[in-house]
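Peer 1: Its first residue numbered 0, the sequence shown is counted upward by one per residue in numbering that gives the first Met the number 0.
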Amino acid sequence: MATSTNAAPDLVIAPPPLTPPRMSLVSLADTPEAPGSRWESGYSWSPESCGDGNIGLICPAPGSVKEACPNPTIVEFQPFYVYASDKCSTWSYKERDFYGRATRKLLAAESWFLEHEIMLDTLALGNPAIATAGAVTVTAGALPPHVALARLEDALGDCNRGSRSMIHVRPGILDLLVVGQVLRREGNVWLTPMDNIVVPGRGYPATGPAGQPIGVNSEWIYATSMVQIRRSEIVLTPEPWDKTSENPMGIPQQAVDRSVNDIFVLAERIVSAAWDPSCCWLAAETQRTV
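Encoded structure:
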């Protein structure tokens, strides 16, 4: 054991590995199989809207017809990439798991970036952003979390005819709703009394639809249609070499910066988070206390 504060450690070991969050937008959203076409180049869809339909008499008047439900405007989405890296001296090339570390960093943080981007479109790709002026505000001032949630649930019932939706909150508001015994947990999912899925997004900014900042005792929560997430395979850059006894981590020459004797690698993937802005896009201001 080292006895001096300036002494080198006796042994360098692997750190506790980063672990992806068990509950996040990535874990709770719909994640369909990648379609045959290359969605990574961008895609569009025709939303199914809000469960439109109508009712009629069993014996209608002569000439009565059943009208077609209107089709919402087609929505376009541009994917983007998320990445993480690892960099260290070449002295550690036999011991340091460069590619594993970069991959674990990516898996641990990717949902944060997806959550932040789906709220604000910070890359200015033109993707629908949740925390913007298109959201319909259902509160007049900040309400206790359980009351703000109730307003969202009422508004969802009015506009989507009962189809399942997502409530987007920051983790602190989730904690308050749990303390207030408003939500129930099934497996790894928190549900409202109406079975809508509550997403505790660590990357959500909690700003208002008009850019209102978080207040001393207020922030914003949102309701949307179900979110659909697509993710490509993880790509390691530069591509690793086969592992050998002399190169146990498979570090290629392209990863080595000889000018400073550093090794630098990336783990990256293309991602997309899509939702239907034509149906039940709601905002509520909530207090940050019970």
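Built from N, CA and C at the ideal position, the CB exists for glycine as well. The model shown is predicted, which means the values in this text are computed figures rather than measured ones.
Which same chain residues, not among the five before or five after Asp194, have their C-beta less than 7 Å away from its C-beta?
Peer 2: These residues qualify, in order along the chain: Arg163.
Peer 1: Is Trp274 buried or exposed, if buried means 16 or more other CB atoms sit within 10 Å of its CB?
Peer 2: It is buried - the Cβ of Trp274 has at least 16 other Cβ atoms within 10 Å.
Peer 1: Tell me whether Trp274 sits in a helix, a strand or coil according to DSSP, three-state version.
Peer 2: The answer is coil: DSSP assigns Trp274 none of H, G, I, E or B.
Peer 1: Following the continuous beta strand (DSSP E) through Thr223, name the residue where it begins and the one where it ends.
Peer 2: Looking at the DSSP string, the run of the beta strand (DSSP E) that includes Thr223 is 217–223.
Peer 1: Kindly provide the ranges of any alpha helix (DSSP H) runs that are 4 or more residues long and lie completely inside the stretch 151–229, ordered along the chain.
Peer 2: The stretch 151–229 contains these whole alpha helix (DSSP H) runs: 170–178.
Peer 1: Kindly give me the distance between the Cβ atoms of Ala205 and Ile196, rounded to whole angstroms, as I take these residues to be in contact under 8 Å.
Peer 2: In fact, because the Cβ distance is near 18 Å, the residues do not count as touching under 8 Å.
Peer 1: Going straight from the alpha carbon of Ser43 to that of Asn260, what length do you get?
Peer 2: Whole-angstrom Cα-Cα distance: 46 Å.
Peer 1: When you compare each of Thr288, Ser277, Ala282, Ala283 to Ser295 by their alpha carbons, which one comes out closest?
Peer 2: Because the chain spans 0 through 289 in this model, residue 295 falls outside it and cannot be assessed.
Peer 1: Look at the Cβ atom of Pro144, then the Cβ atom of Gln286, and state whether they are nearer than 8 Å.
Peer 2: Their beta carbons are under 8 Å apart, which means Pro144 touches Gln286 by this criterion.
Peer 1: Here's a check: name, in chain order, each residue in its chain whose Cβ is nearer than 7 Å to the Cβ of Pro170, leaving out the five neighbours to either side.
Peer 2: Result list for Pro170: Pro199, Arg201, in chain order.
Peer 1: For the stretch 220–240 and the stretch 21–28, state whether three or more C-beta atom pairs, one from each stretch, are separated by less than 8 Å.
Peer 2: In short, these stretches touch, since the Cβ pair count reaches three.
Peer 1: May I have the straight-line CA-CA distance separating Thr161 from Asp51, to the nearest angstrom?
Peer 2: Residue 161 is actually Gly in this sequence, not Thr. Roughly 11 Å between the two C-alpha positions.
Peer 1: Since I believe Glu267 is in contact with Tyr80 (beta carbons under 8 Å), could you give me their beta-carbon distance rounded to a whole number of angstroms?
Peer 2: Rounded, the Cβ-Cβ distance is 5 Å, consistent with contact.
Peer 1: Tell me the DSSP secondary structure of Ser48 in three-state form.
Peer 2: The answer is coil: DSSP assigns Ser48 none of H, G, I, E or B.
Peer 1: Can you tell which of Thr102, Arg103, Pro127 has the C-alpha that lies nearest to the C-alpha of Glu114?
Peer 2: Looking at the Cα atoms, Pro127 is the closest of the given residues.
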